[in-house]
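>
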Amino acid sequence: MTTSHLDNSGSATLIGYPPHSHHFANPTSHPFWPNQWGFGGANGTVLSATGGSAFVPAVGYSTTASNLAQGHTPRPKLTTTIWEDEQTLCYQVDARGICVARRQDNDMINGTKLLNVVGMSRGKRDGILKNEKGRVVVKVGAMHLKGVWITFQRAKTLAAQFKISELLYPLFVDDPSIFL
């Protein structure tokens, strides 16, 4: 590998680096790069339709039984934000790339984002949320805080109905602050 470096005079100098001894061309030789998907080549490559291949590392947190059995505990994905306009703290969980928030002061949950995690159409989502008792519509502020906020119990029921409760863990526990 060679890279260029500009010195103080503005001239470029080429700096050569020796090849690294631990590139992961064969990830099965490295203990942290298992082929956990059960498909692809023996070295962890995934063959594409065009004949090329791409290495997809098995990195990150997983709740699979094999990882839990090995003593790996997945790290909760709970974060917080201050909602200045409402003067409250919000707990947040990212699920499928969508941030679902819960207010600390009254435990209401952003139902719009909750149902977006399910992947349902906008029409179906809005049809469910327009009939919610005690709903609060937020039209201004940060994008992840806009939407129809619904009661904690109703949000918990919807999450169970659409089978996303585990994806949103620990948003529905009694005291999510213990996960911070």
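In case it helps, our numbering puts the sequence shown at residues -5 to 174.
The beta-carbon is built from N, C-alpha and C at its ideal position, and this holds for glycine as well.
Predicted model only: the values in this text are computed from it and were never measured.
1. Which first and last residues belong to the alpha helix (DSSP H) in which ARG96 is found?
2. Could you check how far apart the C-beta atoms of VAL132 and VAL111 are, in whole angstroms? I think they sit under 8 Å.
3. I'd like the span of the alpha helix (DSSP H) that includes LEU123, first residue to last.
4. Tell me which residues share the same chain as ARG119 and place their Cβ nearer than 6 Å to its Cβ, disregarding the 5 neighbours each side in the sequence.
5. I'd like the ranges of any beta strand (DSSP E) spanning at least 3 consecutive residues and lying wholly in the region 119 to 157.
6. Determine the direct distance from the alpha carbon of LYS150 to that of ALA165, and round the result to whole angstroms.
7. Can MET102 and ILE76 be called in contact, C-beta distance under 9 Å?
8. What residue range is occupied by the uninterrupted beta strand (DSSP E) comprising LEU72?
9. Compute the Euclidean distance between the alpha carbons of ALA154 and SER171, then round it to the nearest angstrom.
10. In the structure shown, what three-state DSSP assignment does LEU161 receive?
Result, derived from the coordinates:
1. Counting along the chain, ARG96 falls outside any alpha helix (DSSP H), though it belongs to the beta strand (DSSP E) covering 92 to 97.
2. At roughly 18 Å, the Cβ-Cβ gap does not stay under 8 Å, so VAL132 and VAL111 are not in contact.
3. Note, LEU123: alpha helix (DSSP H), 116 to 123.
4. These residues qualify, in order along the chain: LEU109.
5. Whole beta strand (DSSP E) segments, 3+ residues: 130 to 132 and 141 to 144.
6. A small correction: the amino acid at residue 165 is Leu; Ala does not occupy that position in the sequence shown. Between LEU165 and LYS150, the C-alpha separation is close to 9 Å.
7. Result no, Cβ atoms of MET102 and ILE76 do not sit closer than 9 Å.
8. Annotation: the continuous beta strand (DSSP E) that includes LEU72 extends over 72 to 77.
9. Going from the Cα of ALA154 to the Cα of SER171 covers about 22 Å.
10. Residue state, collapsed to three classes: coil.
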